[in-house]
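The structure appears right after this line, and notes come after that.
Numbering (my numbering), first residue to last: 3 to 97.
Following this line, the structure appears as structure tokens:
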């Protein structure tokens, strides 16, 4: 069964990352307050990025990966700045 990973921009400027087998239905749920608690408090939301996978477990794995990313790294992905992703993956430690 196909799977999708998606990123929504919430009304407060934050991002929500999720996965589903039916992207259209899931977006409808989010917009109508039936999605995650996180998005229902931040309506309206806008789909800003998605990827399609052959299996839902692949999409779920990718969801968990993206959820751990910084806002700047998510924005690079959304904007198609793939060359910036390795740079944004490195953490700069301050003393």
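Glycine included, every Cβ here is placed at the ideal spot set by N, Cα and C.
Next item on the list: Give a yes or no on whether the C-beta atoms belonging to residue 55 and residue 9 are separated by under 9 Å.
Entry: no
Item checked: Straight-line gap, residue 4 to residue 14 (C-alpha atoms, nearest Å) -> 30 Å
Checklist line | Rounded distance between the beta-carbons of residue 64 and residue 12, thought under 8 Å | finding: The pair is not a contact, with the Cβ atoms about 20 Å apart (cut-off 8 Å).
Checklist line | First through last residue of the alpha helix (DSSP H) which encompasses residue 87 | finding: Residue 87 -> alpha helix (DSSP H) spans 87-91.
Notebook entry, point to check: For residue 49, which of 29, 79, 75 has the nearest alpha-carbon?
Noted result: 29
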